[in-house]
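Below is one structure; the comments refer to it alone.
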Amino acid sequence: MHHIVFYPVGNGDTCQIILNKGQQRLLFDFHHQSCSDFNLTNQLKKELSDAQRDYFDIVAFTHADSDHIGGSTEFFELEHAAIYQGNDRVKIKELWVPAAMIMETCSQDQMSDEFIIWRREARYRLKNGHGIRVFSKPSCLRDWFISENIPIESRSHLITDAGNIVPGFNLVNNGVEFFCHSPFIKHTISGDDLLRNEASLIFQIRFDVNETITEYLAIGDSVCSVLDEIVSVSEYHGNEDRLKWDLINVPHHCSAFSLNTEKGVYETQPTEGVRKLLLHGRKEAYMISSSNPIPDNNDAYTQIQPPHIQAKKCYESHLKQVGGRKMFVTMEYPTIAAPKPIKFEISSYGCRIDNSNIQASTGISSVITSPANRAG
-7 MHHIVFYPVG NGDTCQIILN KGQQRLLFDF HHQSCSDFNL TNQLKKELSD
43 AQRDYFDIVA FTHADSDHIG GSTEFFELEH AAIYQGNDRV KIKELWVPAA
93 MIMETCSQDQ MSDEFIIWRR EARYRLKNGH GIRVFSKPSC LRDWFISENI
143 PIESRSHLIT DAGNIVPGFN LVNNGVEFFC HSPFIKHTIS GDDLLRNEAS
193 LIFQIRFDVN ETITEYLAIG DSVCSVLDEI VSVSEYHGNE DRLKWDLINV
243 PHHCSAFSLN TEKGVYETQP TEGVRKLLLH GRKEAYMISS SNPIPDNNDA
293 YTQIQPPHIQ AKKCYESHLK QVGGRKMFVT MEYPTIAAPK PIKFEISSYG
343 CRIDNSNIQA STGISSVITS PANRAG
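If you're matching positions, the sequence shown starts at -7 in our numbering and goes up one per residue.
Okay, structure coming up:
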């Protein structure tokens, strides 16, 4: 049995995957809000303490925007400098980053920004050849290896390209595998031309519990053009099964522009590629929007920043088409007034919500906690 937990961190992302009842823990992104009633730092430290550990097996940053790394350099222990060590900081056994995070550039007044601190940490680990996995090997990364007098061949085992399964996990021994959809090499450009969202990590995470397969699409802040390419490339290589999902974290905090370049008036119409991706959802699937609440009122339709009500309507429409169950918004569960982490259980029954720590109403409980009626 495995669990996937989504934390209520506003318009940001933090998700934890707990494998085999706690044998391994993987954290995807970290967004601590000091002004929020929900304290991510305290929550994660309590969970680790309860599990009698002071580390995560994997910490993955999908990209370097502040809503995915905010507060992280005060929480984690970093190897490259003593200033980031001790004081009950949480350790990272292996750091996962897109190549774009290593190739980030900055101005003089950005040298203390968190994305540069993580660039230093990633480069330090890569130079030392341990505790890191980099996704994609664009020419600018090759140039960096040359500048550091490091043969790229000596670090090739630490680099995974799109279209490959991440080493270190497999369905037989771990009950899970991570298929890397993104970043594509062409989207990782160093310097001012670097576009973080286009070069961010995207995985299809496949679980196997007693021969019941459950698929989770972790998309991050991707844009519609990248998703179109993922669908096209998957179809070309006969990998359509890597587009399936029982659980999907809808991209960029329910932004309409992850569906199309035009938001639409009442409902966003997805591009053809994104439409295909959404229709790869399986019966009784779930959607997650890691975002602020999404009201359906007049002001919502003119809102510039995500989440967008037009996108939510599109997602709910396609979820209905595939016979899915429900779309959750992290800052609305179980209530807007008091959001709590959303926990999914992955078992031989498939994917189901685990609200054992939530005092939910009878109506909510009866609708969303019953197991999926499928196997294989």
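Where is the CB? At the ideal position from N, CA and C, for every residue including glycine.
Tell me which residue opens and which closes the beta strand (DSSP E) that residue i is part of.
| i | result |
| --- | --- |
| residue 18 | 16 to 20 |
| residue 337 | 334 to 339 |
| residue 11 | 7 to 11 |
| residue -4 | -6 to -2 |
| residue 86 | 83 to 90 |
| residue 196 | 194 to 201 |
| residue 49 | 47 to 52 |
Need the endpoints of the alpha helix (DSSP H) that residue i sits in, please.
| i | result |
| --- | --- |
| residue 227 | 216 to 228 |
| residue 163 | It is not in any alpha helix (DSSP H) - residue 163 carries neither H nor E in the DSSP assignment. |
| residue 248 | Per DSSP, residue 248 belongs to no alpha helix (DSSP H) and is neither H nor E. |
| residue 137 | 131 to 139 |
| residue 107 | 106 to 120 |
| residue 348 | Run containing residue 348: none; DSSP gives neither H nor E here. |
| residue 61 | 58 to 61 |
| residue 310 | 301 to 313 |
If we ignore side chains and look at the alpha-carbon of each, how far apart do residue i and residue j end up?
| i | j | result |
| --- | --- | --- |
| residue 79 | residue 86 | 20 Å |
| residue 34 | residue 219 | 35 Å |
| residue 99 | residue 324 | 38 Å |
| residue -4 | residue 268 | 25 Å |
| residue 307 | residue 123 | 37 Å |
| residue 296 | residue 192 | 22 Å |
| residue 130 | residue 326 | 43 Å |
| residue 137 | residue 92 | 14 Å |
| residue 139 | residue 103 | 20 Å |
| residue -2 | residue 203 | 25 Å |
| residue 276 | residue 158 | 27 Å |
| residue 148 | residue 310 | 40 Å |
| residue 52 | residue 319 | 24 Å |
| residue 47 | residue 289 | 43 Å |
| residue 60 | residue 32 | 13 Å |
| residue 299 | residue 228 | 32 Å |
| residue 339 | residue 239 | 13 Å |
Residues bridged to residue i by DSSP?
| i | result |
| --- | --- |
| residue 273 | 237 |
| residue 319 | 279 |
| residue 125 | 88 |
| residue 206 | 199 |
| residue 169 | 198 |
Starting from the C-beta of residue i, find all residues in its chain whose C-beta is less than 7 Å away, skip the five residues before and the five after it, and write them out in chain order.
| i | result |
| --- | --- |
| residue 116 | 71 and 72 |
| residue 185 | The pLDDT assigned to residue 185 is 49, lower than 50, so where the model puts this residue is not dependable; a value taken from the coordinates is nonetheless given after this. Cβ within range, chain order: n/a, list empty. |
| residue 134 | 144 |
| residue 83 | 46, 47 and 69 |
| residue 119 | 140 and 142 |
When the cut-off is 9 Å and only beta carbons count, does residue i lie next to chain D?
| i | result |
| --- | --- |
| residue 119 | Here there is only one protein chain, and chain D is not present. |
Apart from the five residues on each side of it in sequence, which residues of its chain come closer than 6 Å, Cβ to Cβ, to residue i?
| i | result |
| --- | --- |
| residue 198 | 169 and 207 |
| residue 304 | 246 and 286 |
| residue 163 | 169 and 200 |
Taking 8 Å as the limit between beta carbons, can you name the residues of its chain near residue i, skipping five residues before and five after?
| i | result |
| --- | --- |
| residue 14 | 43 |
| residue 216 | 249, 250, 251, 252, 253, 262, 263, 265 and 266 |
| residue 293 | 257, 258, 301 and 302 |
| residue 172 | 127, 152, 153, 154, 155, 156, 157, 158, 193, 194 and 195 |
| residue 121 | 146, 147 and 150 |
| residue 110 | 53, 56, 61, 64, 65, 89 and 93 |
| residue 374 | The first residue shown for the chain is -7 and the last is 368, placing residue 374 beyond what the model contains. |
Buried or exposed: residue i, going by 16 or more other Cβ atoms within 10 Å of its Cβ?
| i | result |
| --- | --- |
| residue 201 | buried |
| residue 349 | exposed |
| residue 126 | buried |
| residue 291 | exposed |
| residue 213 | buried |
| residue 27 | exposed |
| residue 328 | exposed |
| residue 6 | buried |
| residue 313 | exposed |
| residue 260 | buried |
| residue 270 | buried |
| residue 75 | exposed |
| residue 232 | exposed |
| residue 255 | buried |
| residue 241 | buried |
| residue 41 | exposed |
| residue 322 | buried |
For the ligand FMN, any of its heavy atoms closer than 8 Å to the Cβ of residue i?
| i | result |
| --- | --- |
| residue 221 | The model on display carries no ligand, and the ligand FMN is accordingly not part of it. |
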